[in-house]
Amino acid sequence: MSFFLSLNALQAKAKNTGTRKKSTNRKWKRIAKKDRRNLKLWAEGARESVLKPHIPAYTDALQRGWRAERDYLTLVCNKFHACISWRLEDHEEPELPLPNYDRFAQVQEEEELDEEEFLRKRLRIEEMNARIGRWLKYRARRLNKPFKMDSTRDPWAIYLTKLAGVSTPPKARQAFQQYMHESYESEIARVVQARWKAAELTNGELTGKKGPDAPFRAKVAHELFAELPESEQDTLRERAKAEAQTARDAYTATMKQGPSKRPEDRQRCIDALGPFVSNFLRGVSEYTGLHSFAVFGGPIPEYGENTTCSARIQSLRHALHLPAMG
């Protein structure tokens, strides 16, 4: 019997040992550049110090079109080859400090090369130019990768929807606020007026005021709400939550469906364009100190968008409408 117990214990121990998780804290030794089997991290070191500062400018050039990209990439490649000799292997580092590069300086005389070396240099430079282009483009696209944010949380999308008259949904009312919303005129207003008149008799500071202010009305409503049966309070509370959820759902649906293409909705946005743009230009002026204006042109529903085209110039304070042209 003891033999089988010992055997079972050994089997259980072996099973536990086999399922033990491997440690994730193991430190891997970094492979030397000359021993790597691929071109990953080929620019690591001095080469990266030459290329990395150009990522933002290259990203901008990439957005301006292929000509701008080509011209800027040529500039970067010229600087790279002026600082890093074509003779160096990928794993070899240049001597530091790197030479200063001035693209406007007089070009130095070409080194004398035989036909075989000249061909080797040309192929090496072509290879490196292609590699530099891929290196920059990969990082530019990562830098400029669009960040997909929920449209209901995207501040720019929220700002633009104001042009269409869409506003963010209010928070759910408190239960007593829902009571005020539903029953102020029928149940609360007369009590507010009566208590306000009584308060004027005992508090001279209230004399001369136009009437009950918001805090006073809320205080009375809160007191009246507390006198309601608990079941009615719960009903008001649930109704406030339901109305808030309905408003949020409608807002979310509006944000996700995007701008309306209906002529009447577009015209409403065009009519609101003046104040909308003026507020934006005012902010630009406050932050930059610059004067600016915006020009808008295209078919306008009010003028018969299918046959005429109109333009609008909006500055900080004034708007100029140009006549519609057929």
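In our numbering, the protein residues as written are 1 to 326. All C-beta atoms in this analysis are idealised placements derived from N, C-alpha and C, irrespective of residue type, glycine included.
Note to self: Rounding to the nearest angstrom, what Cα-Cα distance links Phe296 and Val277 in this structure?
What the structure shows: For Phe296 and Val277, the distance between alpha carbons rounds to 11 angstroms.
Item checked: Assigned secondary structure, Phe296 (DSSP; H/G/I helix, E/B strand, else coil) -> Note: Phe296 maps to strand in three-state DSSP.
Notebook entry, point to check: Quick one, are the C-beta atoms of Lys33 and Glu44 less than 8 angstroms apart?
Noted result: Yes, the pair counts as a contact, with Cβ atoms nearer than the cut-off.
Notebook entry, point to check: Three or more beta-carbon pairs under 8 angstroms between the segment 156 to 172 and the segment 85 to 105, yes or no?
Noted result: The way I'd put it, the segment 156 to 172 doesn't touch the segment 85 to 105; fewer than three beta-carbon pairs between them come closer than 8 angstroms.
Notebook entry, point to check: Contact check, Trp196 vs Pro170 under 8 angstroms by CB: the rounded distance?
Noted result: Distance from Trp196 to Pro170 at the Cβ level is roughly 27 angstroms; contact not present, criterion being Cβ atoms closer than 8 angstroms.
Check: Exposed or buried, Ala348, counting other C-beta atoms within 10 Å across all chains shown (16 or more means buried)?
Finding: Only positions 1 to 326 of the chain appear in this structure, which leaves residue 348 out of reach.
Notebook entry, point to check: Based on Cα-Cα distance, which residue from His91, Ala214 and Ile55 lies nearest to Arg142?
Noted result: Of the residues His91, Ala214 and Ile55, the one whose Cα lies closest to the Cα of Arg142 is Ile55.
Next item on the list: Output the distance between the C-alpha atoms of Arg282 and Gln267, rounded to the nearest integer angstrom.
Entry: Going by C-alpha positions, Arg282 is about 24 angstroms away from Gln267.
Checklist line | Coarse secondary structure for Ile31, derived from DSSP in three states | finding: Coil, per DSSP.
Item checked: Short Cβ contact (8 angstroms threshold) for Lys256 with Ser167 -> No.
Checklist line | Identity of the residue in Pro263, Thr207 and Arg217 nearest Ala164 by Cα | finding: Comparing alpha carbon positions, the residue from Pro263, Thr207 and Arg217 closest to Ala164 is Pro263.
Next item on the list: Leaving out five residues on either side along the sequence, give the residues of the same chain with a beta carbon under 7 angstroms from the beta carbon of Tyr184.
Entry: Once the five neighbours on either side are set aside, Tyr184 has no close Cβ partner at all.
Notebook entry, point to check: Does Ala247 come within less than 8 angstroms of chain B when only Cβ atoms are used?
Noted result: The structure shown contains no chain B; it holds only a single protein chain.
Check: Taking buried to mean at least 16 other C-beta atoms within 10 Å of its own C-beta, is His291 buried or exposed?
Finding: Around the CB of His291, fewer than 16 other CB atoms lie within 10 Å, so the residue is classed as exposed.
Note to self: Quick check: the Cα distance between Ser85 and Ile31, rounded to an integer number of angstroms?
What the structure shows: Taking the straight line from one Cα to the other gives about 24 angstroms.
Item checked: Cut-off 6 angstroms between Cβ atoms - residues of its own chain near Ala244, not counting five sequence neighbours on either side -> Taken in chain order, the residues that qualify are Ala172.
Check: Hey, which unbroken runs of the beta strand (DSSP E) at 3 residues or more fall wholly within the segment 126 to 193?
Finding: Under the rule that a run must span 3 or more residues, no beta strand (DSSP E) segment is found entirely inside the segment 126 to 193.
Next item on the list: Within 10 angstroms of the Cβ of Pro179, are there 16 or more other Cβ atoms? Answer buried if so, exposed if not.
Entry: Here the sequence assigns Tyr to residue 179, which means Pro is not the residue at that position. With 16 or more other Cβ atoms within 10 Å, it is buried.
Item checked: Exposure of Ala240, with buried meaning 16 or more beta-carbon neighbours within 10 Å -> Ala240 should be labelled buried.
Next item on the list: Within 10 angstroms of the Cβ of Thr246, are there 16 or more other Cβ atoms? Answer buried if so, exposed if not.
Entry: Residue burial annotation: Thr246 is exposed, with fewer than 16 other C-beta atoms found within 10 angstroms of its C-beta.
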